[in-house]
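S.K.:
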Amino acid sequence: MILSNATAILHDAATESSGDLILDGAVVAEPGAKPAGETLDVSGCVVTPGLVNAHHHLMQSAFRTLPGTRGVPMAEWLPTMAAAYSRVGISPELMRAAASVGVAEGLLFGVTTVADHHLSWPAGLPAEASVALARATAEAARELGGRLVFVRGAARDDPNEAAASAEAIVQALLPDASGGVSKDGMLQLAVGPAGVHSDPRESFERLGEVAARHGLRRRTQANEQVDVAIALEKYGKRPLDLLEEWGWLGPDVTLAHLCDVTDDEIARLAAAGVTATHAPGCDVPMGWGIAPVAALRVAGITVGLGTSGGGSNDAGHLLADARLAMQVSGLVGDQLPAREVLGMATAGSAAGLGRDELGHLRPGAAADLCVWDVSGVADAGVADPVAGLLWANPGRRPRHVIVAGRVVVRDYELVTGDAATLAASVRKFVV
Ligand SMILES: [Zn+2]
């Protein structure tokens, strides 16, 4: 495929061009490759790598704007969400429906890879039944053509049960993959307790053992204000002290949120090689504060971007959250330039997932990309169309989206599924 006549092509943070981009099947072609196949006219458009949403809770897509979850402390939010889950019942049908709308929504917004940190597992669920929940999510993403990272999370789960489930999910969904990624790169598995505020040392250790056995990435949430408060109350220590003691600060670990971190903690995270996920579209409405992203980056920490789930951020619109991240960054340090935030939403997120082939458009990269039409009135007068992706036209959507060389959104329409049918499939679960 050839994308022809682009206004700008953002290959990576350091490289931009204009004109044509050639894809060779599922990857970006090497320089000098002969174009073959379809020509997609992208004049008047900016081409960027596909967005990588590093932190979502897809099941919450069926529970957006739930009464009793806005403007309340975490201690009220959690039981309100949990009560809604148990009224509906966490089933493969719910998982499939919620994941379908979450992934479809993401694709329509330019998210080509989403990490689903799934935290809600019914107590006493046999490992085989937990596989069915994971499989429903994985199948939904595969059918729609989006890349999925399914994170076997835990939130007050029995540690051994969580580990047995994680092991069974790996065996069932990735029987012959190494490093936790399927051969075609469309499915990745990872593990991650919700945080030290909810899960004991044993959960971190047992899930960490599964990760070590299969080369999976580890992901958790840390230093939302509530996490710090509970850790101090329960253990007399701050969350990162506990994570360090429990062997959960390392280059394979990504920490989401990090709203309340000290300068000393930032230095320790950098030394440990930990990566971070910024999620302002959750942290701001939840009242947790704003992660000091500029300071994290200056310290050498790779920062990605995530939306978090529908229970706190009712949209899976990562570009909108990139705009928010840029806008609020100046309140807690130096304002982040648009290109740096775009880099976080692409390569930064991908690095935390250990996926070198994602988040950029250098030769050999995965052919995951977005085509943003900047020829309309909302972008008129914009001097810098790449920076304008964030500064101008809030709520913008990509005209075309390609994942692994396959067009999944064309002229603003989902082509891999019927969006109206997907939306209807969730409606019956709304309580
Ligand atoms: Zn979260």
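Taking this note's numbering, the leading residue of the sequence shown gets 26, the next gets one more, and so forth. Yeah, the Cβ is synthetic: ideal placement off N, Cα and C, and Gly gets one too.
1. Tell whether a beta-carbon distance below 8 Å holds between residue 65 and residue 425.
2. Give the DSSP-derived three-state secondary structure of residue 438 in the structure shown.
3. Would you grab the beta carbon distance between residue 190 and residue 152 for me? Rounded to a whole angstrom, and I think it's under 8 Å.
4. For a quick check, are the C-beta atoms of residue 477 and residue 349 less than 8 Å apart?
5. Of the residues 332, 404, 402, which one's Cα is nearest the Cα of residue 130?
6. Within this structure, are the beta carbons of residue 372 and residue 412 separated by less than 8 Å?
7. For ligand 1, I want to know if residue 86 counts as a neighbour, meaning its beta carbon is within less than 7 Å of at least one of the ligand's heavy atoms.
8. Over the uninterrupted beta strand (DSSP E) stretch that includes residue 385, give me the two end residues.
9. Kindly indicate which three-state DSSP category residue 287 falls into: helix, strand or coil?
10. Buried or exposed, going by whether 16 or more other CB atoms sit within 10 Å of the CB of residue 248?
11. For ligand 1, any of its heavy atoms closer than 7 Å to the Cβ of residue 246?
12. So does residue 261 have its beta carbon nearer than 7 Å to some heavy atom of ligand 1?
13. Confirm, please, whether the CB-CB distance from residue 347 to residue 367 is below 8 Å.
14. From the DSSP output, which residues share a beta bridge with residue 460?
15. Helix, strand or coil for residue 255, going by three-state DSSP, please let me know.
16. Quick check: what's the CA-CA separation for residue 334 versus residue 381?
17. When you compare the CB positions of residue 165 and residue 112, do they come within less than 8 Å of one another, or not?
18. In three-state terms, what does DSSP make of residue 239?
19. For residue 95 and residue 49, I'd like the C-alpha separation in whole angstroms.
20. Is it the case that the Cβ atoms of residue 313 and residue 282 are separated by a distance below 8 Å?
21. Pick helix, strand or coil for residue 102, following the three-state DSSP scheme.
M.R.: Let me spell this out:
1. Here residue 65 is near residue 425, since their CB atoms are less than 8 Å apart.
2. In the structure shown, residue 438 sits in a strand (DSSP, three-state: E or B).
3. The C-beta separation of residue 190 from residue 152 comes to about 5 Å, placing the pair in contact by the 8 Å criterion.
4. Any answer about residue 477 is impossible in this case: the structure gives the chain only from 26 up to 456.
5. Residue 130 has its Cα closest to that of 332, out of 332, 404, 402.
6. No, these two residues do not count as a Cβ contact at 8 Å.
7. It does not: the Cβ of residue 86 is nowhere closer than 7 Å to a heavy atom of ligand 1.
8. Per DSSP, residue 385 belongs to no beta strand (DSSP E) and is neither H nor E.
9. Looking at residue 287 - three-state DSSP - the assignment turns out to be coil, as it is neither helix nor strand.
10. Flag for residue 248 reads buried.
11. Answer for residue 246: yes, Cβ within range of ligand 1.
12. Every heavy atom of ligand 1 is 7 Å or more from the Cβ of residue 261, so no.
13. Against a cut-off of 8 Å, the Cβ pair of residue 347 and residue 367 comes out as a contact.
14. Absent from the model: residue 460. The displayed extent of the chain is 26 to 456, so no value can be given.
15. Helix at residue 255.
16. So the two alpha carbons sit approximately 25 Å from each other.
17. Contact flag unset, no.
18. DSSP places residue 239 in helix when its eight states are reduced to three.
19. The straight-line gap separating the alpha-carbon atoms of residue 95 and residue 49 is approximately 47 Å.
20. Yes.
21. Residue 102 falls in the helix class under three-state DSSP.
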